[in-house]
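Each residue of the sequence shown is one higher than the last, beginning at 37 in the numbering used here. Backbone N, C-alpha and C define an ideal beta-carbon position, used for all residues, glycine too.
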Amino acid sequence: MSVVSAIIGTAERVPLPDVVMRAAIQRLCSRTAMRLAGHDAAADAAFAGRMMLRPIAEQPEAGRNDVPVALSAEVLGPNRKYSCGFYKTTATTLQEAEEEALRQTVEHAGLADGQTILELGCGWGSLSLWMARQFPHAKVTAVATSQAQRAYVEEQAEQRGLLNLRVVAADMNVFAPNGQFDRIVSVETFERMMNWRKLLTRLHSWLAPDGRFLMHIATHRTGSDLFDRSDRDGGIAQHVFTGGLMPSHHLVRQFDDIFAIEKEWCWSGTHYQRTANDWLANFDARRGAIEVCLRRVYGEETARLMRRWRWFLLATSGLFGYAGGTEWGISHYRMKAAD
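In structure tokens:
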């Protein structure tokens with residue numbers, strides 16, 4: 037057993053100092069970055085070929101989107117945006133970072149009032165509620181991955197009088213909307229989708245002839261990687277991102293026969309590092325309230341789950357902050373149907 041694996045195993049059982057955890061994460065990131073450094077277009081082509089052998093979503097009910105309602109209320113910002121924020125200055129708050137990221141997503145997608153808009157993987161509704169409020173004459177359909185998320189977003193829409201927002205909970209393996217959409221938006225959902233060719237082909241059929249698709253996704257600068265549960269050192273793969281992947285920034289180009297990239301943007305990984313650090317600060321400041329809420333559901337497992345969530349926040353911060361945010365970051369692609 038390696039040192040990293042031993043630290044991860046110990047962190048499941050007992051609290052460890054942050055300095056030890058961050059050192060283990062740094063070592064894991066360094067090893068992964070070195071392994072991915074030599075990847076190129078040929079490696080992406082091979083990776084894309086292997087993706088075609090898998091279902092769209094291998095474990096649709098597992099993974100990071102299954103955040104308990106109580107945890108999301110205490111840890112996330114006011115918009116409950118469970119994805120990367122954008123920090124314009126060193127003084128930017130978590131709420132400001134959430135709202136700037138939402139604003140840029142809307143701008144990059146080319147959204148406008150009166151459009152029909154589909155959001156895949158709406159989380160706790162930060163973008164869906166934002167779009168429905170900003171564009172009162174648009175018709176927004178939001179796809180949640182859990183009934184808890186669907187119920188929460190529906191409740192928020194009702195409280196805010198947003199009659200133009202419809203929320204459904206669906207497994208992406210079988211989801212099939214009615215009609216076509218002017219815009220389709222996906223924020224940190226494709227990391228959990230495995231067979232991109234199959235899903236993108238479906239999206240192509242859901243998009244109106246002059247429509248656009250915006251993908252917001254975490255990427256590595258050169259190489260695509262699976263979160264492999266067989267990797268005993270892969271703590272994130274073992275416990276958080278089960279069944280997911282981290283694409284390279286260029287992987288989406290393996291599907292340019294389905295969608296052509298019209299414009300793209302890259303955010304430094306430091307934005308996600310700061311987002312995770314802000315979530316961690318909330319977690320630590322509200323630890324007592326979080327423990328009380330989670331204990332009602334998880335009982336004796338609460339302490340272990342809290343250590344796991346804290347490990348996830350530290351790992352997210354360390355991964356995206358590695359090498360000054362130059363290895364892993366966020367990619368935005370606005371795409372149109374290929375000719």
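Ranking I92, G365, V105, L112 by CA distance to the CA of Y308 puts G365 first. The continuous stretches of alpha helix (DSSP H) do not include M371, which lies in the beta strand (DSSP E) extending over residues 364–373. Counting every other CB atom within 10 Å of its CB across the protein chains shown gives C302 a total below 16, marking it as exposed. As the crow flies, the alpha-carbon of R196 is around 38 Å from that of H256. Sequence-distant partners of T258 (beyond 5 residues in either direction) whose C-beta falls short of 7 Å from its own C-beta, in its chain, are L72, A73, H75, S284.
Distance check between R63 and each of Y369, Y358, T126, M371 places Y358 closest, using alpha-carbon atoms only. Collapsing the DSSP output to three states places M342 in a helix. By a beta-carbon distance limit of 8 Å, L316 contacts L350. Their separation comes to about 7 Å.
Contact annotation, V189 with S164: C-beta distance approximately 6 Å; criterion of less than 8 Å satisfied.
Residue state for W242 is assigned as helix, using DSSP reduced to three classes.
Here A77 is exposed. Its C-beta has fewer than 16 other C-beta atoms within 10 Å. Burial is judged here by how many other beta carbons sit within 10 angstroms of a residue's own beta carbon; H286 has at least 16 and is buried. Using a 10 angstroms sphere on the CB of E298, the tally of other CB atoms stays under 16, which defines it as exposed.
By the beta-carbon neighbour count (other beta carbons within 10 angstroms, threshold 16), D293 is exposed. V210 is the residue among T225, V210, A254 whose C-alpha sits nearest the C-alpha of R238. Ranking F348, L243, K234 by CA distance to the CA of R86 puts K234 first. When L243, N231, W232, E224 are compared, the shortest CA-CA separation from H252 is found for E224.
Judged by DSSP in its simplified three-state form, V223 adopts strand. Taking a contact as a CB-CB distance under 8 Å, the pair F295 and M371 counts as one, their CB atoms being some 4 Å apart. Contact between the region 166–184 and the region 200–210 is established, with three or more Cβ pairs separated by less than 8 Å. In this structure F122 is in contact with E136, their Cβ atoms being roughly 4 Å apart against a cut-off of 8 Å. In the three-state scheme derived from DSSP, where H, G and I count as helix and E and B as strand, H252 is classed as strand.
Going by C-alpha positions, N231 is about 14 Å away from H240. Per DSSP, the beta bridge partners of L154 are T177, I220. For V55, the closest of G354, H368, A254 by C-alpha to C-alpha distance is G354. By the Cβ neighbour-count rule, T68 is buried, with 16 or more other Cβ atoms within 10 Å of its own.
Remark: C-beta atoms of L243 and F217 approach each other more closely than 9 Å. Close CB contacts of W166 within its chain, under the 6 Å cut and outside five residues either way in sequence, are with L138 (chain order). In its chain, beyond the 5 residues on either side, G121, F122, Y123 have a beta carbon closer than 6 Å to the beta carbon of A133.
Under the DSSP assignment, W160 falls outside any beta strand (DSSP E); it carries neither an H nor an E label. Excluding residues up to 5 positions away in sequence, Q290 lie with their Cβ nearer than 6 Å to the Cβ of A84 in the same chain. The C-beta distance from G360 to T311 rounds to 16 Å, too long to meet the 8 Å contact threshold. A148 sits in coil when the DSSP states are folded into three classes, being neither helix nor strand.
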